[in-house]
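In what follows, a structure is listed as structure tokens, so that the remarks can point back to it.
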Amino acid sequence: MGRIQGLTKYLDSPSSRAHWRDTKLSKCPIVLDGKCLVHHLPSDFDWKYGGQYPAIRDSLENLIKALLAQNVSPIHVVFDGVYQTDKMDMHKEIRQKIQDTILNELQGLDLDEYQKKNVRSPLVANTFHKVFKNYQSEGVRVYPADGDCYPLAVSLANTYDCYLVGDNSDYFITPLQKGYIPLSKLAWSQPGSPVIGRVFKRDSFIASLSKEPDLIYTIPALVGNDTLPNLVEETELKSLVRCYRGTLSEATIKFLQEKCHGELIGLKGQILSLANGLEVLKKFEQSFEKAKKKYNVNSLPFNYEEFKISIAFRSDNWKSIPQWIVQQYKEFMFSPSLLAVFISGVNLLNIIPDDCTTWSKPASMIISRPIRLVIYAVLRKGRYVTEIIRQGTKLLEDRIGRHGHMEIDVELEEMKLEQREKRRNIIYETLMCSSHALSLLEEEWHLPVASVIFWAKSAAIPRGDIYLKALVLSFAKCFHKSAATFTPAFSLEALHLYAQWQCVYYDAILLNQVLALPLPYLSPADLFDGKLVTYYSQMSHDKFRIILDNTSREILHLYTKILKTVNESI
1 MGRIQGLTKY LDSPSSRAHW RDTKLSKCPI VLDGKCLVHH LPSDFDWKYG
51 GQYPAIRDSL ENLIKALLAQ NVSPIHVVFD GVYQTDKMDM HKEIRQKIQD
101 TILNELQGLD LDEYQKKNVR SPLVANTFHK VFKNYQSEGV RVYPADGDCY
151 PLAVSLANTY DCYLVGDNSD YFITPLQKGY IPLSKLAWSQ PGSPVIGRVF
201 KRDSFIASLS KEPDLIYTIP ALVGNDTLPN LVEETELKSL VRCYRGTLSE
251 ATIKFLQEKC HGELIGLKGQ ILSLANGLEV LKKFEQSFEK AKKKYNVNSL
301 PFNYEEFKIS IAFRSDNWKS IPQWIVQQYK EFMFSPSLLA VFISGVNLLN
351 IIPDDCTTWS KPASMIISRP IRLVIYAVLR KGRYVTEIIR QGTKLLEDRI
401 GRHGHMEIDV ELEEMKLEQR EKRRNIIYET LMCSSHALSL LEEEWHLPVA
451 SVIFWAKSAA IPRGDIYLKA LVLSFAKCFH KSAATFTPAF SLEALHLYAQ
501 WQCVYYDAIL LNQVLALPLP YLSPADLFDG KLVTYYSQMS HDKFRIILDN
551 TSREILHLYT KILKTVNESI
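Sequential numbering from 1 applies to the sequence shown in UniProt numbering.
Here it is as structure tokens:
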């Protein structure tokens with residue numbers, strides 16, 4: 001869902017205070033828009049260190065525990081699914097803006113907090129998945145949408161009479177039975193303390209506009225969103241609306257209230273007063289009808305049994321999606337990006353916080369392309385895949401024709417029935433190691449440690465290198481939840497190298513999903529703290545030895561076992 005320019009800022013202003021009421025959340029269900037949690041969960045995260053996943057986990061767990069302690073349950077969490085191809089240009093533009101933010105931040109330019117929060121570390125969603133899975137038995141339910149999560153979130157909220165918590169101005173326009181609470185207006189501290197939400201009073205806002213309830217839909221119809229054009233800026237309406245001060249939405253609202261007298265007929269009269277009024281009126285009426293259809297959601301009640309067995313997409317050659325994928329997808333264990341590759345053959349890769357100021361360094365996602373080639377070989381069987389990947393500071397399309405460096409003789413439809421050992425061996429071979437090499441470790445460690453082996457070989461990290469030892473010690477410390485808090489000096493080299501490892505682990509997790517989950521795997525929060533690993537990587541070998549000498553026996557044993565496995569394989 002796109003943003004309605006300036007609407008949130010206007011409704012946050014003192015003049016809109018009457019459109020809000022405070023409520024204490026207790027003994028009620030709730031719907032959370034998962035996308036806003038990924039980007040705007042309150043905490044002190046700094047992507048320049050590559051990802052503070054233990055802190056991200058702890059922040060999310062604190063929210064869930066605070067809600068559950070107030071008997072707020074079930075907690076319905078909704079995530080976006082596959083991006084629609086007709087919105088691909090918009091999503092590419094969003095990713096380019098994120099890339100520009102990374103470059104500007106690394107160059108020391110001033111950025112606002114909202115821009116900074118749009119950048120996220122690559123393994124956040126995987127961290128969230130593990131947290132939500134841990135709380136399933138306590139009433140947390142996750143719903144991956146077929147596409148945009150907006151209609152699903154609204155359907156859930158209205159079916160179960162829930163408050164909807166999100167961070168999207170489109171929810172201000174939508175009729176919600178219980179009400180909308182922006183994440184920024186949800187206050188909680190420790191479990192047991194009250195959870196206070198500031199609820200948007202849509203009826204009050206409508207009354208301030210007009211006696212005509214439908215006039216609220218003229219705001220997105222005039223200002224635009226991700227599917228509607230910005231008629232104010234693109235037509236002569238600008239000469240009427242921009243007479244008023246404020247954001248685009250604020251000026252539009254004042255125009256509707258004062259010049260149009262809060263009436264649809266008054267708005268149409270103002271449009272017809274323009275030199276090309278008939279043409280503009282036609283565009284407005286088209287946008288207005290689309291806005292009413294989009295926001296005035298009168299959908300059927302949510303049906304969970306139908307939700308978990310159906311999916312709205314077919315592949316581009318009309319091949320049905322295998323049922324095991326549908327099931328795994330609905331259980332939040334098959335990434336939407338994989339489904340997009342299967343459906344359309346397009347992989348819009350994540351924008352990874354990385355060193356994009358050193359032109360000689362390739363983007364970190366390049367290192368794990370051999371893993372993706374195997375994924376494409378399974379999902380696409382000889383057909384092309386288009387990767388949209390960063391090169392330098394721009395996003396470029398790269399058509400991939402070579403589908404895998406090994407022959408995959410397993411049909412996708414039969415993947416779930418294939419022997420687990422065979423599927424595991426595909427992962428080991430792809431990650432340039434063997435099951436024998438990993439035999440010292442419990443199976444949950446195979447995927448993360450194999451990803452370190454692949455990373456070390458591909459990035460030419462030698463045995464004994466401080467970057468390698470720092471990463472392994474981070475694994476051991478985070479696994480035992482004993483990672484101390486450090487704020488090291490920022491390092492472009494550390495950012496780049498550990499971004500590469502994260503890309504490898506990210507794609508290894510996706511390969512595991514494509515092969516119907518033959519391996520368990522650990523949460524990134526059990527492995528990697530960007531500040532901690534950067535701090536260790538800046539030590540001399542002597543200082544690092546002192547750290548090891550003062551490490552508990554349990555952590556040192558795990559560190560030694562992992563490092564031995566990696567060293568014997570590179």
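By construction, the Cβ of each residue, glycine as well, lies at the ideal position given by its N, Cα and C atoms.
Quick caveat: nothing in here was measured; it's all calculated off a predicted structure.
Endpoints, alpha helix (DSSP H) assigned at residue i
i	result
residue 580	Given that the chain is displayed from residue 1 to residue 570, the structure contains no residue 580 and the question cannot be resolved.
His19	From DSSP, His19 is part of no alpha helix (DSSP H); its letter is neither H nor E.
residue 571	In the structure displayed, the chain extends from 1 to 570; residue 571 sits before or after that span and is not available.
Arg553	553 to 567
Phe79	Premise fails: Phe79 lies in the beta strand (DSSP E), 75 to 79, not in any alpha helix (DSSP H).
Arg399	Segment 394 to 400 is the beta strand (DSSP E) holding Arg399; no alpha helix (DSSP H) there.
Asp44	No alpha helix (DSSP H) holds Asp44; DSSP gives it neither H nor E.
Asp89	88 to 106
Asn225	No alpha helix (DSSP H) holds Asn225; DSSP gives it neither H nor E.
Val341	336 to 344
Proximal residues to residue i (C-beta, below 8 angstroms), its chain only, five neighbours per side dropped
i	result
Ile98	Asn118, Val119, Ile351
Trp359	Gly392
Arg141	Pro74, Ile75, His76, Val77
Tyr506	Pro122, Leu123, Asn126, Asn350, Ser368
His39	Lys117, Asn118, Arg120, Asp167
Tyr559	Val472, Leu473, Phe475, Ala476, Leu548, Thr551
Whole-angstrom C-beta distance between residue j and residue i, which should lie under 8 angstroms
i	j	result
Ile173	Ile219	7 angstroms
Thr252	Val241	5 angstroms
Leu511	Ile453	With 8 angstroms as the limit, Leu511 and Ile453 do not qualify as a contact, their Cβ atoms being about 14 angstroms apart.
Leu396	Ile389	7 angstroms
Phe284	Leu231	6 angstroms
Met365	Leu339	Not quite, the Cβ-Cβ distance comes to about 19 angstroms (not below 8 angstroms), so this is no contact.
Ala291	Tyr180	Their Cβ separation, rounded to whole angstroms, is 17 angstroms, which puts Ala291 and Tyr180 out of contact at 8 angstroms.
Gln5	Thr247	7 angstroms
Ile466	Ser569	Not confirmed; about 19 angstroms, so no contact.
Leu431	Ala450	4 angstroms
Gly81	Pro336	5 angstroms
7 angstroms CB neighbourhood of residue i in its chain, flanking five on each side removed
i	result
Phe486	Lys531, Leu532, Tyr535
Leu215	Leu209, Leu256, Gly262, Leu264
Lys185	Gly197, Arg198
Ser434	Tyr428
Ala18	Ser204
Arg545	none
His446	Leu438, Leu519
Cys260	Gly266, Leu267, Gln270
Limits of the beta strand (DSSP E) - the one that residue i falls within
i	result
His261	From DSSP, His261 is part of no beta strand (DSSP E); its letter is neither H nor E.
Gln391	385 to 391
Asn303	Segment: none, Asn303 is in no beta strand (DSSP E) and carries neither H nor E.
Arg202	From DSSP, Arg202 is part of no beta strand (DSSP E) but of the alpha helix (DSSP H) over 202 to 209.
Gly166	163 to 166
Ile408	Counting along the chain, Ile408 falls outside any beta strand (DSSP E), and DSSP gives it neither H nor E.
Tyr180	180 to 182
Residue from the options with nearest C-alpha to residue i
i	options	result
Cys28	Ala459, Lys178, Cys478, Glu568	Lys178
Leu176	Arg553, Leu7, Phe200	Phe200
Ile309	Asn158, Ile375, Asp146, Ile343	Asp146
Gly401	Ile371, Lys422, Tyr376, Arg423	Tyr376
Val374	Leu412, Lys361, Ala363, Ser137	Leu412
Asp33	Ala55, Pro54, Asn168	Asn168
Ile562	Gln513, Tyr150, Leu440, Ala494	Leu440
Phe288	Val223, Ser482, Glu233	Val223
residue 617	Gln513, Arg553, Leu471	In the structure as shown, the chain starts at 1 and stops at 570, and residue 617 therefore has no counterpart that could be examined.
Asp22	Ala187, Ala483, Cys260	Ala187
Ile30	Val38, Gln107, Ile94, Ser155	Ser155
Arg372	Arg399, Lys361, Lys254, Cys260	Arg399
Leu354	Ala363, Ile408, Ser540	Inspection of the sequence shows that residue 354 is occupied by Asp rather than by Leu. When each option's Cα is compared against that of Asp354, the closest is Ala363.
Leu106	Asp46, Trp455, Val297, Tyr143	Asp46
Pro322	Ile311, Glu331, Ser43	Ile311
Phe307	Glu331, Tyr295, Lys294	Glu331
Leu517	Glu444, Ile555, Leu237, Pro14	Glu444
Spatial neighbours of residue i in its chain, beta-carbon cut-off 6 angstroms, leaving aside the 5 residues before and after
i	result
Val566	Val452, Ile453
Tyr10	Thr247, Ser249, Glu250
Ala157	Val31, Leu164, Leu176
The ligand ZN heavy atom lying under 7 angstroms from the CB of residue i
i	result
Tyr163	Annotation note on the ligand ZN: not contained in the displayed structure, which lists no ligands.
Three or more C-beta pairs closer than 8 angstroms, one from the region 64 to 73 and one from the region 186 to 197: is that the case here?
In the pairwise beta carbon analysis, the region 64 to 73 is classified as touching the region 186 to 197: at least three pairs are separated by under 8 angstroms.
Taking one C-beta from the region 541 to 550 and one from the region 474 to 490 each time, how about it: are there three or more such pairs within less than 8 angstroms?
Not touching, per the Cβ criterion.
The region 521 to 531 contacting the region 122 to 140, beta-carbon criterion three pairs below 8 angstroms:
Cβ pair count under 8 angstroms is three or more, so yes.
Taking contact to mean at least 3 C-beta pairs separated by less than 8 angstroms, is the region 47 to 54 in contact with the region 495 to 513?
By the Cβ criterion, the region 47 to 54 is in contact with the region 495 to 513, since at least three pairs of Cβ atoms, one from each stretch, lie closer than 8 angstroms.
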